[in-house]
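Colleague:
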Amino acid sequence: MSFLLTCPNCGVREVTDFGFGGEISPRPKGQPSFRELNTYNYFRVNKAGVQREWWFHRSGCRAWFIAERNTVTNEVLFTALASEVPDQADPNSQATVAAGEAGGDLL
Ligand SMILES: [Zn+2]
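Counting from 1, position 78 in the sequence shown corresponds to residue 601 in my numbering; the numbering is continuous, with no gaps.
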């Protein structure tokens, strides 16, 4: 399994240049219960289809960025820094808002 990713700073690179940071999960609001915090930390949707994910350019500029990728075909629909992500294009816009609030410190 190999595909190309476009780093917002460096351009197109092999996926082996990057570290996978996981799917974007909505961060709990306010003072979360133990169950909400546990769900946020340990449960993932593991979607077969298009999802937004965190990626880290470990062999390049070392920036964290967001990619929207089809997990079935590995087609990458877009990549952007967290501050530049278009909210309207996301089918899971709630997750995007949470990611923006997180400021990339999820991992
Ligand atoms: Zn880069």
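We treat Cβ as the ideally placed atom computed from N, Cα and C, and that holds for glycine.
Below 6 Å, is the gap between the Cβ of residue 532 and the nearest heavy atom of ligand 3?
Modeller: This structure lacks ligand 3; the ligands present are ligand 1.
Colleague: Could you round the C-beta distance between residue 538 and residue 529 to whole angstroms and report it? I think they count as a contact, below 8 Å.
Modeller: Not confirmed; about 11 Å, so no contact.
Colleague: Could you have a look at residue 602 and say whether DSSP puts it in helix, strand or coil?
Modeller: Here residue 602 sits in strand by DSSP.
Colleague: May I ask which residues mark the beginning and end of the alpha helix (DSSP H) holding residue 543?
Modeller: Residue range 542-546 is occupied by the beta strand (DSSP E) that includes residue 543, with no alpha helix (DSSP H) assigned at that position.
Colleague: Contact defined as beta carbons within less than 8 Å: I believe residue 546 pairs with residue 576. What is the distance between those atoms, to the nearest angstrom?
Modeller: 5 Å
Colleague: Using C-beta distances below 6 Å, list every residue in its chain close to residue 532, excluding the 5 sequence neighbours before and after it, in chain order.
Modeller: So the qualifying residues of the chain are 584 and 586.
Colleague: Nearest by alpha-carbon distance to residue 540: which of 574, 595 and 582 is it?
Modeller: 582
Colleague: Taking the Cβ atom as the reference point for each residue, do residue 548 and residue 563 lie within a distance shorter than 7 Å?
Modeller: yes
Colleague: Going by the C-beta, is residue 544 closer than 6 Å to any heavy atom of ligand 1?
Modeller: Residue side-chain check: residue 544 keeps its Cβ at 6 Å or more from all non-hydrogen atoms of ligand 1.
Colleague: Alpha carbon to alpha carbon, how far is residue 596 from residue 542?
Modeller: 19 Å
Colleague: Residue 579 and residue 544 - do their beta-carbons sit closer together than 7 Å?
Modeller: yes
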